[in-house]
Amino acid sequence: MATEDKLVTIHVMGEAFRVPEGSTIMTALEYAGFQLTTGVGCREGFCGACGTLYREAGDYKIKGGLACQTVVTDGMHLAQIPFVPAAKPVYDIEALSPDEEAIKRIYPEVFRCVACSTCTKICPQDIQVMDYVQCLMRGDIAQAANISFDCLRCGLCGLRCPAEIVQYNAATLARRLYGRYLARPSERLERRVEAIARGDYDAQLDELQGLDADALKKRYYDREIKTK
Amino acid sequence: MYPESMQESIRKVEASRARRIELALSGKPVVEPMSAEQRQDVLDRFHPDYQDDARREVRWGPNAGQRLTTEVADLLETYARVDPSDYDLLEPDFDTDVLVIGAGSAGFCAALLAQEHGARVTLATKLRLGDANSMMAQGGIQAAVRDDDSPVHHYLDVVGGGHFDNRPELARALVSEAPDAIAWLRRKGVMFDQEDDGSLKAKPGGGTCRPRMLSARDYTGAAICRTLRDEIQNRPEIRVLEHSSAIELIKDARGRVAGAVLYHLLTREHFTIRARATVMATGGFGRLHVKGFETTNHYGATADGLVMAYRAGARLLYMDSVQYHPTGAVFPPQILGFLCTEKLRGMGGQPVNADGELFVYPLEPRDVEAASFIREATELGHGVSTPSGHVGIWLDTPVIEKLNGAGAIEKNLPAMLRQFQRFGVDIRSEPILVYPTLHYQNGGIEIDVECRSTVEGLYAAGEVAGGIHGRNRLMGNSQLDLIVFGRRAGRYAAAFAGTAEPAELSLGHVLEANRRVGELGVDRDRISPLVLPDYVPERVKRRQHDTRYRGTLI
């Protein structure tokens, strides 16, 4: 990881620590001696567990980032936000329809959006959060699902929203509605499921399972490889 | 962003690019795939598993006398974290029908299915729901859905990739239930990539004879895992215990597994839970950093489930086999060891050496591909060095744009584009430097097709289970395995729980395990499960006078 040749100062909840230049916030915290049990997860930018608010030296703005994906700078102040206590209503995906009504029922606060774009500015994935909130208000579930697809649910958007919207949970609902109701059916997939249920492949699989080691190996290395 | 010292090699990669694109467009493999003999040769000489010190004999327990991965054998020869005299087992803190340990996709599937089959379900997890390797899978999930493909083709790929060591009935269940697993996920609301006619997009993967890799951009694991998590949260009847790490299994007077001791990471309290059936879904072991390798794995991937099951008497299978993903990031240093999805190669990305030359078929099975990279960078000396002293070979990603059209990377590989962009590399115009990284536990707790371990009452699913993939898993079959065997584990554990009568609880097996380990003369500061890896520097440790154990929490 980062070399210890040069150290910079970061302030963790106000307290100063010297950490290697070039390290991420997460590895800097560990270098400083913290053994993390919250605010840490996949450590690779895929889980959203390490949302962090920070302010850089000489700046007044508070920015958001993932601790595992953000490099420390000298004079940085930071606090980890391992969890946002936002509402997550219980619903039955089978009892909803993929439209504005579902959003109104489960996440009515979405319609309070004042289009300030604070959510978009804080998103560490650079998702156009406000745009998908506007889609949700219009009942455009497909576009909301598409725009929000890369969301890791770190929760920073909801935390900063002046209208108290839980963008990331509403987006999860939109994606599930899309996947369940709006995604085009795949006839090939359905046909294959039926064929397997009918036992169409049983005889061939029985035969493969019955081959001795050499015969199976030969079958494997002789098989035709198609890449397109 | 690349320093001057690496630029000369990049220019060679650029110089050979047009020729390599032409080769790819010919439709034939850009390098001839290896024969069985060639594969064996490169594995023997360069795969880390095949080095002399990679394995050692484990000296006690169900696998005593077998040679296992050294770090695994070391872990199995440790003392328990719990002191059995601390608990009143007559009055367990919780009671449930099915206890699921681990909240990745396999645990989620097991919990959902057990609940649907009428069981009272408790889902206990070390960190939070979805804190799992499942969430990090990028490239895809295999299912034979194309007309020129079938479960028969899939089966051959699975067993050939696994060196024919797979348990045939497990491999068969995996491939036969794949299409249904995808259909089930779609009904739950997972969005898979589709062609204009509605058919699911399928790309080739390492060791597949047909394009079979279905995907959700390069957030495939996240798309699946977060949907299942949402479904779990929509079923309040499933009791969820977060930050509650299982640290030992509890057995009963009949020798069945009958629950667990849970350790709350934030309050440091211990709780006991009685269960009529227990599903182990704790994932893998990447954070053991086998042979000092960096890992793609989640913070919590510390093999806890393996050691708990082993102490309870469950036999392990193929724990002599480690998967190194061929393409771990080498540069920039902040993302050292991070996963660079196989989908990069599935979409045409080409591994090339320091001279910009192709040297291996890009889609060999992972162990063969990884060993070839190591050969190229070490014996042949064709690697590229970074300023921090690491070595790698190039994965030429700009060819992906040329082969699939401008914008293909942004559309299909947004996670990869973002990962490198954050640290100043644009994979659309610059190659990335990669080297094998510790990725997956090929073996695990031995199971049958009903996910039963060799100890009654204990089920296993997901990465912690062994036998499905033999000694080398193919890309996209882990995501599939989580769903197929997670669902099976939930169903069969619920059925077993319906018939199991409670008996007196016991931690006697833990005392016995400690006694056996004590006889081996193991140091007293070696305990397990690890729960979390210990990344606190020595400089700090010397001042932490409450540090009692090696390589784990205080």
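The listed protein sequences derive, respectively, from chains A and B. Under the numbering used here, the first sequence has 254 at position 186, and the numbering climbs by one with no breaks. Under the numbering used here, the second sequence has 471 at position 57, and the numbering climbs by one with no breaks. We put the CB at the ideal spot given by N, CA and C, even for glycine.
If you look at B:Gly673, you'll find it in the beta strand (DSSP E) that goes 671-678. Runs of alpha helix (DSSP H) with 4 or more residues, each lying fully within the stretch 591-639 of chain B, are found at 592-602, listed in chain order. Within chain A, the residues whose beta carbon sits less than 9 Å from that of B:Gly574 are Leu284, Lys285, Arg287, Tyr288, Tyr289, Arg291, listed in sequence order.
Annotation note: the stretch 826-883 of chain B contains the following uninterrupted beta strand (DSSP E) runs of length 3 or greater, listed N- to C-terminal: 846-855, 858-860, 872-874. In this model, A:Tyr249 and B:Arg601 are separated by some 8 Å (Cα to Cα). Residue burial is scored here from C-beta neighbours: B:Val782 has at least 16 other C-beta atoms within 10 angstroms and is therefore classed as buried.
When secondary structure is reduced to three states using DSSP, B:Glu491 falls in the coil class, being assigned neither helix nor strand. Looking at the DSSP output, A:Ala154 sits in no beta bridge, so it has no partner there. The stretch 513-579 of chain B contains, as complete beta strand (DSSP E) runs of 3+ residues, the segments 535-538 (chain order). The Cβ of B:Ile596 sits closer than 8 Å to at least one Cβ of chain A. Residue nearest to B:Arg670 within the set B:Arg631, B:Pro916, B:Tyr963, B:Val774 is B:Pro916 (criterion: CA-CA distance). Taking the beta carbon of A:Gly113 as reference, the chain B residues within 7 Å of it are Gln833, listed in sequence order. Residues of the stretch 110-142 of chain A with a C-beta atom less than 7 Å from some C-beta of chain B are Cys110, Arg111, Glu112, Gly113, Phe114, Cys115, Ala117, Gln137, Val139, listed in chain order. Within a 10 Å sphere around the beta-carbon of A:Val182 sit fewer than 16 other beta-carbons, which makes this residue exposed. Per DSSP, A:Arg123 is one residue of the beta strand (DSSP E) stretching across 119-123. Distance from the Cα of A:Cys187 is smallest, within the candidate group A:Tyr288, A:Pro230, A:Val139, for A:Pro230. Annotated three-state conformation of A:Asp274 is helix, per DSSP. Identification of chain A residues near B:Thr710 by a Cβ-Cβ cut-off of 8 Å yields Glu112, ordered along the chain. Here the alpha carbons of B:Ala879 and B:Gln465 stand approximately 25 Å from one another. Contact of B:Gly603 with chain A by beta-carbon distance below 8 Å involves Ile161, Arg243, Arg244, Leu245, Tyr246, Gly247, Arg248. For A:Phe217, the nearest CB of chain B lies under 8 Å from its own CB, placing it at the interface with that chain.
Within 10 angstroms of the beta-carbon of A:Tyr200 lie 16 or more other beta-carbons, which makes it buried. Between B:Ala784 and B:Pro845, the C-beta spacing is not below 8 Å.
Annotation for B:Gly904: the continuous alpha helix (DSSP H) segment containing it runs 891-913. At a cut-off of 8 Å between beta-carbon atoms, B:Gln421 makes no contact with chain A. For B:Ile807, the enclosing beta strand (DSSP E) has its first and last residue at 805-810. For B:Pro618, the chain A residues whose Cβ falls inside 7 Å of its Cβ are Thr295, in order along the chain. For A:Tyr288, the uninterrupted alpha helix (DSSP H) run begins and ends at 281-290, by DSSP. Here the alpha carbons of B:Gly706 and B:Arg668 stand approximately 41 Å from one another.
For the pair B:Thr686 and B:Ala674, the Cα-to-Cα distance works out to about 6 Å. Not a single CB atom of chain A sits nearer than 8 Å to the CB of B:Tyr849. Excluding the 5 residues flanking it on each side, B:Leu894 has same chain C-beta neighbours closer than 7 Å at Ile555, Gln556, Ala557, Leu588, Ala592, Ala595, in chain order. Look at the stretch 87-98 of chain A: the residues with a C-beta under 9 Å from a C-beta of chain B are Gly90, Ser91, Thr92, Thr95, Glu98.
About 41 Å separates the beta carbons of B:Arg624 and B:Thr536, which is beyond the 8 Å limit, so they are not a contact pair. For B:Arg780, the nearest beta carbon of chain A is not closer than 8 Å to its own beta carbon. The beta-carbon distance between B:Ser786 and B:Val444, rounded to whole angstroms, is 14 Å. This is too long to meet the 8 Å contact definition.
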